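What follows is one structure encoded as structure tokens, with my remarks underneath.
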Amino acid sequence: MKKLLLCTAMLLALSGCAASAPEAQPEVKNEPQPQAAASADKETIFQVSLLQGLTLGDYYGSVSVKELKEKGDTGIGTFEGVNGELIMLDGEVYRAKSDGSVEVAPDDETIPFSNVTFFDADTTEEISGISNINDLKEYLNGKVEEFGKNRFYMIRIDGSFKKVSARSELKQEEPYKTLADALSTDQREFDFDETTGTVVGLYCPEYMNDLNAVGWHFHFVSEDKQNGGHVLDLDIDNAELKWDNTDGFNMLLPETKMFPELDLTQDQSADIKKVETNE
Ligand SMILES: [Zn+2]
């Protein structure tokens, strides 16, 4: 079922937004939902803001880590001030810092941009010998052709890696620069050799070009939760690849001081490719 729900940003509207989905539970207005996770639609990608707002420099957080955990248990994103790369895995939210080390993010920290879902594996397969990120994307895109290219996929790749090349960045201070400008001086890159861990990946369909990055976006966290970041390249030794096919999309428009003034009509494709891939 196709759903495109655009909600305004009041945090109170979070539960209302999910509840307005056609197959959701009947809405009880103005009453807290004690089990938000239990009542949430598991086949929905929840997105905080637009990537195109983040890339213009709107690094103000609009959702707390605690609130994000009510919308999913697996995903990617960043923190207020782009203070590191966010990876959510098995219900925990981790920050990969600018030195490539990882810490658990506090519940009260806020998030300017993220995509999460409750991960239910629809398919599982073994993969091996995929030696770079372009080969991985080619392999995954072959599966997307098979599964259907017009919905969202969250994947996780658990296993051993000969190498993961990743990046994170220094926390930004106001006034915020564009993301391309910030990363041009404040991106830090690191290689993790012979490591085990998990890559979380998001696929956005082509029609998402104005709201996110089309195609694949990967974050990594090591099995011991010591290292991680936004994946620039990787060499997979042996791993288990799990797909979660999601056909719902739920986006929260943030109530930050910058958001109402942003010019979101401009095509940022080139900038987004640069900040996502270093190309
Ligand atoms: Zn990233």
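Quick note: the sequence shown uses my numbering, first residue -13, plus one each step.
Here a beta-carbon is modelled for each residue, glycine too, at the ideal position from N, C-alpha and C.
Predicted model only: the values in this text are computed from it and were never measured.
Query: Residue range of the unbroken beta strand (DSSP E) whose run includes Asp223; Result: Gly214 to Thr232
Query: Own chain partners of Asn224 with C-beta closer than 6 Å, once the 5 adjacent residues on each side are dropped; Result: Ser114, Gly145 and Ser146
Query: In chain order, each alpha helix (DSSP H) run of at least 4 residues that lies wholly inside the stretch 94 to 173; Result: 119 to 133 and 165 to 172
Query: Three-state class that DSSP yields for Met237 in the structure shown; Result: strand
Query: Cβ distance (whole Å) where Tyr46 is taken to contact Val68 below 8 Å; Result: About 11 Å separates the two Cβ atoms, so there is no contact after all.
Query: 8 Å Cβ cutoff met for Val261 and Leu122; Result: no
Query: Where Pro92 falls, given that 16 or more other Cβ within 10 Å makes a residue buried; Result: exposed
Query: Three-state secondary structure assigned by DSSP to Val68; Result: helix
Query: Spatial distance of Ala23 from Lys57 (CA atoms); Result: Because Ala23 sits at a pLDDT of 47, beneath the cut-off of 50, its placement in the model cannot be relied upon, and the point is left open.
Query: Ligand 1 heavy atom lying under 7 Å from the CB of Glu71; Result: yes
Query: Helix, strand or coil at Gly39 [DSSP, three-state]; Result: helix
Query: Proximity of Glu71 and His203 at Cβ, strictly below 8 Å; Result: no
Query: Val51 in three-state terms, based on DSSP; Result: helix
Query: Check: Ile141 C-beta below 7 Å from any heavy atom of ligand 1; Result: no
Query: Glu95 vs Val51 beta-carbon contact at 8 Å; Result: yes
Query: Separation of Asn264 from Ile258, as counted between CA atoms; Result: 10 Å
Query: Cβ-Cβ distance between Ile73 and Val207 below 8 Å; Result: yes
Query: Any non-hydrogen atom of ligand 1 closer than 7 Å to Ile258 Cβ; Result: no
Query: Residue range of the unbroken beta strand (DSSP E) whose run includes Ser208; Result: Gly201 to Ser208
Query: Beta-carbon proximity check, Val102 vs Leu54, cutoff 8 Å; Result: yes
Query: Coil, strand or helix - Ser255 by DSSP; Result: helix
Query: Enclosing beta strand (DSSP E) for Phe338 [first to last residue]; Result: Since the first residue of the chain shown is -13 and the last is 265, residue 338 is not available in this structure.
Query: Own chain residues within Cβ distance below 8 Å of Ser255, not counting five before or after; Result: Asn195
Query: CB contact below 8 Å: Thr251 versus chain D; Result: Here chain D cannot be found, since the structure has a single protein chain.
Query: Alpha carbon of Asp177 to alpha carbon of Ala152, nearest angstrom; Result: 6 Å
Query: C-beta contact flag for Asn231 and Phe133 at 8 Å; Result: yes
Query: Reference Lys148; option with closest CA among Asn118, Asp179 and Asn236; Result: Asp179
Query: Environment of Val90 [buried if 16+ CB atoms lie within 10 Å]; Result: exposed
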